[in-house]
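Peer 1: Structure provided below as structure tokens; questions to follow.
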Ligand SMILES: [Zn+2]
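In the numbering used here, the protein residues as written are 1211 to 1313.
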């Protein structure tokens, strides 16, 4: 199986991904499987989560990065932001599943 990425590019910006323990992640953000750190500009992912969950949260946190880069995080409420990034992540998953089927 292909290893998960150590970095992703979002809007032309390279974002490192750090895989850390659930305990460390939840010290930053309770109950999270992933975190977008807008200060450090990196993504943290629970290294103990199943691979499909890790991938989902990479897409989810990329959505948070996009919102941050375009300033959407400044103008809409947090719960709406979660709905938006969950939509992004689901859309990416669906597109990738379908494009893999087409190969
Ligand atoms: Zn989120």
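No residue lacks a Cβ here, since even glycine has one placed at the ideal position from N, Cα and C.
Nearer than 7 Å: is that true of the beta carbon of residue 1289 relative to any heavy atom of ligand 1?
Peer 2: For residue 1289, the CB stays at least 7 Å from every heavy atom of ligand 1.
Peer 1: Is residue 1292 near ligand 1 - that is, is its Cβ less than 7 Å away from at least one heavy atom of it?
Peer 2: yes
Peer 1: Are the beta-carbon atoms of residue 1298 and residue 1273 separated by less than 8 Å?
Peer 2: Cβ distance < 8 Å, so residue 1298 and residue 1273 count as in contact.
Peer 1: Please state the DSSP three-state secondary structure of residue 1212.
Peer 2: coil
Peer 1: Determine the direct distance from the alpha carbon of residue 1236 to that of residue 1265, and round the result to whole angstroms.
Peer 2: 18 Å
Peer 1: Report the three-state DSSP secondary structure of residue 1245 (helix, strand or coil).
Peer 2: strand
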